[in-house]
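Q: Structure in structure tokens, see below.
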Amino acid sequence: MIVLQVNQLYKSFVTDEILSGVKLEIQHRDRVALVGRNGAGKSTLLKIIAGQMSYDSGEIIIPKDVKIGYLEQHTGLESKLSIWDEMMTIFDSFRNQEKHLRSLEQRMADPAVYGNEEVYARVMAEYDQLQHDFKEAGGYQYEADTRSVLHGMQFYPEDYDKPISSLSGGQRTRLALAKLLLSKPDLLILDEPTNHLDIETLSWLENYLKGYEGAILIVSHDRYFLDQVVSIVYEVSRTNVTKYVGNYSAYLAEKAKNYERDMKLYERQQDEKAKLEAFIQKNIARASTTKMAQSRRKVLERTEWMDAPDGDERSANFGFTIERQSGNDVLSIDDLMIGYDGKTISKNIHMRIFREDRIALVGPNGVGKSTLLKTIVKDLPILSGDIRYGANVQIGYYDQEQAKLKSNKTVLQELWDEWPLMNEKDIRTILGRFLFSGDDVTKTVNSLSGGEKARLALAKLMMQKANLLVLDEPTNHLDLDSKEVLENALIDYPGTLLFVSHDRYFINRIASKVVELSGTGSFEYLGDYDYYLEKKQELQELAEMKAQVAAAKGVESPSQSKSSTSQIDKEAKKRERQIRRTVEDIEKKMATLDEQINTIEEKLCDPEIFKDHEQVLKYQSELDSVKQQHDELEVQWLELNEELENIIS
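All residue numbers for the sequence shown refer to UniProt numbering, where the first residue is 1 and numbers rise by one.
Structure follows, in structure tokens:
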């Protein structure tokens, strides 16, 4: 069943065409993503579909019985009611039905009704029908559903009586999403629903949406989320919308294939066009060939030459460099307690950061991730414990709140004031790499959008040439294209990274270690986000098994004990096989690195290379990098072998 059809939709603002000939179709149970750059028209299209914005021409077809629910970006719930009472307003029909059921029960208990067979039968029939309809519609389930959704959005029974007016902006946004989910529209339209959600809540939302009974249309910059949820992608680009079947990764692969095909066709057409133009220019003046040249000119004018596949869409183009290398030990944190205004948020934090580490800091909202970063960069004082900085460490800090980007200066002056010895042309060139060109550089900093402020902050960060980048939610406000550019810049960055992010796709691409922060300490995992999830699950299972063994002692019967032990043995064998496979992979990688080390050391012993200072520096840097990788693998190998010994023993 089709729940939405958009045909030949056009929308312009004054002279700027935003959407041109848009076609879009959503069937029942479809999971659809709308992707594209900031300003491409995604939110505009959602508002038009939701009936909150007019359009110039075209057709939007929504069946009469289809109910649409729309959550606008940055929307927070405004209400004078408590959390629970506000959620219950969705179920007024159920509550009225419940009152009717109670009144019918009272009538059936009334002796006057009970004693009259005809009246009693009529009341009983009405009661049976109403009870059946109430049950079929989910009347006995709505309070449980409400508790489940509120729990998923991190609102617990002790929060239910809190007035909504007392909540923070992020909490009100989560509550608006919870209310929309509970209303269960046939078409759920979500504009950036992942904002203000931590990783745990994101995972819950993904699972909820996978099982959602209706259709879903989502705008999101969270690529991991899109990969998990959607099966159709519509790309908004240069006023047009193109459909791709599959999740976000499938869309990227298909788009790359199409781009390569279109680029070859475009280049072939350009060759043909150039040959025609050359022939016309050469032969138009000759009497003997002028007719042929005129004929070719007509062909040139009548042919619809395709535009370049990348059109006029520009991408940011930047990279991060360092002024000088730090020592191998970059940062040591011991028994650290953090907080602000006399309030302790987290304690017992221990961390070691070495040169060229890529460390992702994860944990639920409010656990102190941003506070830890601010403490490291000395924006907040240490409550207790110790932070030691290594030799030659220069810190560059990216603040998610852009607290230092609040001024009436122009974009140009914001950079020029910090680097006054650079000439204007060079400053403008740098800003151009971050998509500030022409009149953009004369905008005031306060008037910039979130995405523009993010790009300006990254420009300032690039110019610092720091060897330790401390980044707090660097992908916030960036569109998908800018995120990819940032990721590639950080992958090539020769320094050390410590960052907080809720973007799991970003963590997977960048991180080599994940540190999980809680209110009582920190725990390090050697790997990316997927490895962190897998390892955390394993540790939880092992803890549960140990708890089962402890509970079983002296309580279970011999047969139960034997069964439990057998299950634990199976789990231990499974873990042993996993470790052995991982150890084998690490040993192969270490062997490859050993060969690389030997090859580089042989080159350094070559007299010709030894004479060339630049070549020596290049190979020595490469040798240090390979040895660092070897050392990290060796640490992982030792830890796994130690775990293996514990299992075997």
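Each residue gets a CB set at the ideal place from its N, CA and C atoms; glycine is no exception.
#1: My parser needs the beta strand (DSSP E) runs of 3 or more residues fully inside the segment 7-64; what are they?
#2: So, for residue 13: in the same chain, excluding its five sequence neighbours on each side, which residues have a beta-carbon less than 6 angstroms away from its beta-carbon?
#3: Just to confirm my understanding: we take residue 557, look at its own chain, exclude 5 residues before and 5 after, and list those with CB closer than 8 angstroms. What are they?
#4: On the premise that residue 416 lies in contact with residue 427, defined as a C-beta separation below 8 angstroms, what is that separation, rounded to the nearest angstrom?
#5: Could you spell out where the alpha helix (DSSP H) holding residue 91 opens and where it closes?
#6: Residue 136: which of 160, 176, 94 sits nearest, CA to CA?
#7: If you reduce the DSSP assignment to three classes, tell me which class residue 220 lands in.
#8: Where do the ends of the alpha helix (DSSP H) carrying residue 113 lie?
#9: Measuring CB to CB, does residue 490 end up less than 7 angstroms from residue 510?
#10: Residue 433 lies in the alpha helix (DSSP H); which residues open and close that run?
#11: Which of helix, strand or coil does DSSP assign to residue 647?
#12: I need the straight-line Cα distance from residue 565 to residue 67, nearest angstrom please.
#13: Have a look at 470, 638, 2, 51 and flag the residue whose alpha-carbon is nearest the alpha-carbon of residue 27.
#14: To the nearest angstrom, how far is the alpha carbon of residue 658 from that of residue 420?
#15: Leaving out five residues on either side along the sequence, give the residues of the same chain with a beta carbon under 6 angstroms from the beta carbon of residue 449.
#16: Are the segment 51-64 and the segment 29-38 touching, with three or more C-beta to C-beta distances below 8 angstroms?
#17: Checking 7 angstroms against the spacing of the C-beta atoms, do residue 70 and residue 50 come in under that value?
#18: On a Cα-Cα basis, can you pick out the residue from 193, 461, 538, 522 that is closest to residue 497?
#19: Reducing DSSP to helix, strand and coil, say where residue 516 ends up.
#20: Taking the runs of the beta strand (DSSP E) that are 3 residues or longer, which of them lie wholly in the segment 356-417?
#21: What does a CB cutoff of less than 8 angstroms around residue 82 pick up in its chain, not counting 5 residues either side in sequence?
#22: For residue 729, name the three-state secondary structure that DSSP assigns.
#23: Alpha carbon to alpha carbon, how far is residue 455 from residue 434?
#24: Buried or exposed: residue 245, going by 16 or more other Cβ atoms within 10 Å of its Cβ?
#25: From what residue to what residue does the beta strand (DSSP E) around residue 334 run?
#26: Classify residue 172 as buried or exposed, calling it buried when 16 or more other Cβ atoms lie within 10 Å of its own Cβ.
#27: Assign residue 344 to one of three DSSP states: helix, strand, or coil.
#28: Starting from the C-beta of residue 114, find all residues in its chain whose C-beta is less than 8 angstroms away, skip the five residues before and the five after it, and write them out in chain order.
#29: If you compare alpha carbons, which of 526, 545, 606 is closest to residue 631?
#30: Among 366, 384, 389, which one has its Cα closest to the Cα of residue 377?
#31: How far does the alpha helix (DSSP H) with residue 449 in it extend, from its first residue to its last?
A: In this structure, then:
#1: As far as the segment 7-64 is concerned, its whole beta strand (DSSP E) runs of at least 3 residues are 16-27, 31-35, 57-61.
#2: In the sequence shown, counting from the first residue as 1, residue 13 sits at position 13. Within the same chain, no Cβ atom closer than 6 angstroms to the Cβ of residue 13 is found once the five residues on either side in sequence are excluded.
#3: Your numbering for residue 557 matches position 557 in the sequence shown. Residue placement at residue 557 cannot be trusted, given a pLDDT of 45 that sits under 50; what the coordinates show is reported in the next sentence. Once the five neighbours on either side are set aside, residue 557 has no close Cβ partner at all.
#4: Start at 1 with the first residue of the sequence shown, and residue 427 comes out as number 427. Start at 1 with the first residue of the sequence shown, and residue 416 comes out as number 416. Contact between residue 427 and residue 416 holds: CB atoms are separated by about 5 angstroms, below the 8 angstroms threshold.
#5: The residue you call residue 91 lines up with position 91 of the sequence shown. From DSSP, residue 91 is part of no alpha helix (DSSP H); its letter is neither H nor E.
#6: To locate residue 136, count along the sequence shown from 1; it is residue 136. With distances taken between Cα atoms, residue 136 lies closest to 94.
#7: Position 220 of the sequence shown holds residue 220. Residue 220 sits in coil when the DSSP states are folded into three classes, being neither helix nor strand.
#8: Your numbering for residue 113 matches position 113 in the sequence shown. Counting along the chain, residue 113 sits inside the alpha helix (DSSP H) bounded by residues 111-114.
#9: The residue given as residue 490 occupies position 490 in the sequence shown. The residue given as residue 510 occupies position 510 in the sequence shown. Contact: yes.
#10: For the purposes of this step, residue 433 is taken as residue 433 along the sequence shown, with counting starting at 1. Here the alpha helix (DSSP H) through residue 433 covers 424-433.
#11: Position 647 of the sequence shown, counting from 1, holds the residue named residue 647. Note: residue 647 maps to helix in three-state DSSP.
#12: Within the sequence shown, residue 565 is the residue found at index 565, counting from 1. Within the sequence shown, residue 67 is the residue found at index 67, counting from 1. Caution is warranted here: a pLDDT of 49 is assigned to residue 565, below 50, making its placement in the model unreliable, and no coordinate value can be reported.
#13: Here residue 27 corresponds to residue number 27 of the sequence shown, with the count starting at 1. Comparing C-alpha distances from residue 27 to each of 470, 638, 2, 51 shows the shortest one belongs to 2.
#14: Here the chain covers residues 1 to 649 and nothing more, so residue 658 does not appear.
#15: Taking the sequence shown and counting its residues from 1, one reaches residue 449 at position 449. Correct list: empty, nothing qualifies.
#16: Contact between the segment 51-64 and the segment 29-38 is absent, because fewer than three Cβ pairs lie under 8 angstroms.
#17: Numbered from its first residue, the sequence shown carries residue 70 at position 70. Numbered from its first residue, the sequence shown carries residue 50 at position 50. Yes, the pair counts as a contact, with Cβ atoms nearer than the cut-off.
#18: Position 497 of the sequence shown, counted from the start, is the residue given in the question as residue 497. Nearest neighbour of residue 497 by Cα position, chosen from 193, 461, 538, 522, turns out to be 461.
#19: Residue mapping note: residue 516 aligns to position 516 of the sequence shown, counting from 1. Strand at residue 516.
#20: DSSP assignment within the segment 356-417 yields the following whole beta strand (DSSP E) runs of 3 residues or more, N-terminal first: 358-362, 384-389, 395-398.
#21: Working through the sequence shown from its first residue, we reach residue 82 at position 82. So the list reads 160, 161, 162, 163, 164, once near-sequence residues are dropped.
#22: With the chain covering 1 to 649 only, the question about residue 729 has no answer from this structure.
#23: The residue labelled residue 455 in the question sits at position 455 within the sequence shown. The residue labelled residue 434 in the question sits at position 434 within the sequence shown. Near 6 angstroms, if we compare the C-alpha coordinates of residue 434 and residue 455.
#24: Counting from 1 along the sequence shown, the entry for residue 245 is found at position 245. Exposed, because fewer than 16 other Cβ atoms sit within 10 Å of the Cβ of residue 245.
#25: The count along the sequence shown starts at 1 and reaches residue 334 at position 334. Taken as a continuous stretch (DSSP letters only), the beta strand (DSSP E) holding residue 334 covers 329-340.
#26: The count along the sequence shown starts at 1 and reaches residue 172 at position 172. Buried is the call here.
#27: Within the sequence shown, residue 344 is the residue found at index 344, counting from 1. Residue 344 falls in the strand class under three-state DSSP.
#28: In the sequence shown, residue 114 corresponds to position 114, counting from 1. Beyond the five residues adjoining it in sequence on each side, residue 114 comes within less than 8 angstroms, by CB distance, of 108, 120 in the same chain, given in chain order.
#29: Against the sequence shown, residue 631 aligns to sequence position 631. Answer by Cα proximity: 526.
#30: As a working mapping, residue 377 is identified with position 377 in the sequence shown. Nearest C-alpha to residue 377: 389.
#31: Taking the first residue of the sequence shown as position 1, residue 449 is located at position 449. Secondary structure note for residue 449: it is in no alpha helix (DSSP H), with a DSSP letter that is neither H nor E.
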